[in-house]
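First comes the structure, then the notes that go with it.
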Amino acid sequence: MILGCIADDFTGATDLANNLVRAGMRVVQTIGVPGGPSPAPDGATPSEVPGLAEVDAVVVALKSRTAPVEQAVAQSLAAARWLRARGARQLYFKVCSTFDSTPRGNIGPVAEALRAEVGAGIAIVTPAFPETGRTVYKGHLFVGDVLLSDSPMRHHPLTPMTDANLVRVLQAQLAATRCALLERRTVAQGAAAARARLAALETEGFAFAVADAVEDADLHVLAEAAQDAALVVSGSGLAIGIPARHGLAPSAQAARLPAALGARAVVSGSCSAATNAQVSDFIGRGGTAFAVDPLRLAAGQDVAGEALAWARPRLGPQPVLVYATAAPEAVRAVQEQLGAQRAGELVEHALARVAQGLVQAGVGQLVVAGGETSGACVQALGISALRIGPQIDPGVPWCHAPCALRPQGLHLALKSGNFGGTAFFTRAFEVLT
Ligand code: ADP
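Numbering-wise, my numbering comes out as the position in the sequence shown, counting from 1, plus 12.
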C-alpha cells in the first residue's frame, strides 16, 4: 500500500476511492477501522479485508465529520495507525469539499492529531476540485460561482459554513499550531516553487497551508509538491494527481473486479428527486418492482417477507426492484403519521432485511439507492471492505465485497441520494457486462 486515506464520511470515502481508481490506483475501501468494534448489532459477522497485498491505496471510511471531537480524533488516529502498520507512506485526510465543520472542528483537531502522529512537516489543506465547481482563491472557498458563505451551506443543519476564508476557519479550530496560505500565484509557477514556498512557511513555524487551486492543473502541481509529505488534508480533488506521482496511469486494470455472477436486484430507500426519477424510469421500461409501504410496516405487517416471497421466483438476469422511494408529498404524509425518524428506521430496517434475503436467495449484483439505506444494507450484509471497480456515473462505482452471506462475494453499487442519471438502475448492470 502506498497511500492510506482516512475519510470523515462514507460517501466522501467512495468519492475519493473512485477518483483514485480512475487515475490508476487499485483501491479497497473499508467501513470503519478493520478489526474495530462491529457497528452492526443484528448484522452478519464482518468479513476480513480482502487482497490488501494487491492494492495501492486503502480508504478507511469513518463517520467522524460531526461526531464529538474526541471521538473523531480517536477514530482517525486508530485508522492512521492501522494504515501505517500496513505500509502506508502517505496519509490523506479526506474532508468535505465544502469544508463542513463547526468552530470546534472536527477538521482542525483531527488534522493536528494526525500530523503529530506521523511527525509530518507542513501539510497542505485544500478542498478544491475545480472540475466539480470547488475552487479556492486567496484562501477563500467558492462553491460554483459564489463564496461558501453565500452558498446553501450557510444554512446546513449540522455544520453551517458562514465564513469562506479557510485560513481563518481552520486556524479557529487549531489548538497548538498555525495555518498559512499557499497562494495561487506560487502554485501557478509549478511544483518546485510551491515546494520552496511550503519549506519557507514551515521554517516560519507554520504547520498547515491552505492551498489555492482554481484549475484541475493546480491540483496536479499540489500533488507533486506534496509528494513526499507524510500528510495531506484535502477533498477528493487532490486524488486526481497522486497516482501519477507513483508512476501509475489510468487503466482498466485498476478498476477490474471479479466476474459478476448471480441474479440482479435494486433496493431503493432514497426519496431524492434523482432517485424518484430513476425508479419511474426503471418501471417505465417494463422493469418489475415491489413497493414497500411504511404505514403497513408501522402496522406490524411482514412487508419484507412479502417482498422476498414476491422477488424469489423472479430472480435472474432481469433486475428486480424493491423500493420505498416516494414523492415528497407522500413522504410528508407518512412522516406526519409516524414521525420522520421512526418512518426512516422502519424503512431502513425492512430494506436491509430485503437485501439480506435477496443475497441469500442468489442475488450477486446489488444496487442500493440512498446513503442511510446503503449504510443499513451494508451492515446487515456483514460487509466491512469493498474493492472499488468501474464507475457507473460520476461518484458511483461498482464494488466487490466479501460477504458473510455469499461465499463468492457480492457486487455492490451504493448510490447516495442525488447521484446518477435517470437510467441508472438499467445502466448500472450494463457496466458490469
Ligand atoms: P438519500 O441518500 O437520498 O438521503 P437515505 O437512504 O440517506 O437517502 O435517506 C432516505 C431516508 O428516507 C431513509 O431513512 C429511508 O428509510 C427513509 N424513507 C424511504 N422511503 C420513505 C417513505 N416512503 N416515507 C418515509 N421515509 C422514507
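Note that CB positions come from ideal geometry on N, CA and C, so glycine has one too.
All values reported here derive from a predicted model rather than from experimental measurement.
Apart from sequence neighbours up to five positions away, the residues of its chain that approach P142 with a beta-carbon distance below 8 Å are A225, V226, E227, D228, D230, L231, G249, ordered along the chain. About 4 Å separates the beta carbons of F437 and F294, which is inside the 8 Å limit, making them a contact pair.
The C-beta separation of I18 from L74 comes to about 7 Å, placing the pair in contact by the 8 Å criterion. In this structure, the CA atom of E341 is about 21 Å from the CA atom of T434.
Secondary structure at S428: coil, using DSSP grouped into helix, strand and coil.
In the DSSP assignment, V245 falls within the beta strand (DSSP E) that extends over 243-246.
Residue burial annotation: R326 is exposed, with fewer than 16 other C-beta atoms found within 10 angstroms of its C-beta. Residue pairing from DSSP places S280 in a beta bridge opposite Y335, A381.
In the displayed model, P142 falls within a helix according to three-state DSSP.
Around the CB of K150, fewer than 16 other CB atoms lie within 10 Å, so the residue is classed as exposed.
Between A416 and G394, the C-beta gap is smaller than 7 Å, which places the two residues in contact.
Between the stretch 236-247 and the stretch 161-175 there are fewer than three C-beta pairs closer than 8 Å, too few to call the two in contact.
DSSP places G16 in the strand class (E or B) of the three-state scheme. In the assembly as shown, S292 is an exposed residue. Its beta-carbon has fewer than 16 other beta-carbons within 10 Å. For K150, DSSP records no beta bridge to any residue.
When the beta-carbon positions are compared, Q185 and G117 come within less than 7 Å of each other.
About 7 Å separates the beta carbons of R77 and C108, which is inside the 8 Å limit, making them a contact pair. Residue pairing by DSSP places D405 opposite V408 in a beta bridge. Contact fails between the stretch 354-362 and the stretch 394-410, because fewer than three Cβ pairs, one in each stretch, are under 8 Å apart. One Cα belongs to L193, the other to V137, and the distance between them is close to 9 Å.
Excluding sequence positions up to five before and after A223, its CB lies within less than 6 Å of the CB of I136, T138, L194, L234, all in the same chain and listed in chain order.
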